[in-house]
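> Residue numbers (the numbering used here): 6 to 83.
Even glycine gets a Cβ: it sits at the ideal position worked out from N, Cα and C.
Starting off with a structure, shown below.
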Amino acid sequence: DVNGRDEADWISQKVAGSVQRPMEFGSLSVEVGASIGIAVFPHDSREVTALLSLADEKMYQQKRIRKAANNKLVNARR
6 DVNGRDEADW
16 ISQKVAGSVQ
26 RPMEFGSLSV
36 EVGASIGIAV
46 FPHDSREVTA
56 LLSLADEKMY
66 QQKRIRKAAN
76 NKLVNARR
């Protein structure tokens, strides 16, 4: 069991951080990321479908944030 949003956020950061390491494939170095959406019962909703929908929405929000940050980094390197 997760005790509220703060703990869920902490867990998601740990999970995302564990996969955001460079991986070596032969001569290639690849960085993989994770976007995790969180919805907390009963704070966000009591309905399973609403919780899944909200978590999905939050995940795509995180993807957009990461993509924007990556674009800024790439543009700064140019």
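Just verifying my parser: in three-state terms, what is the DSSP assignment at glutamate 12?
helix
> Where do the N-terminal and C-terminal ends of the alpha helix (DSSP H) with serine 58 fall, by residue?
53-82
> For phenylalanine 30, write down the residues that DSSP places opposite it in a beta bridge.
Leu33
> State the CB to CB distance for the pair glutamine 66 and isoleucine 41, rounded to an integer number of angstroms; the pair is presumed to be in contact (CB under 8 Å).
Wrong, their Cβ atoms sit about 11 Å apart, outside the cutoff.
> Check whether the region 7-19 touches the region 36-55, counting contact only when three or more Cβ pairs, one atom from each stretch, lie closer than 8 Å.
yes
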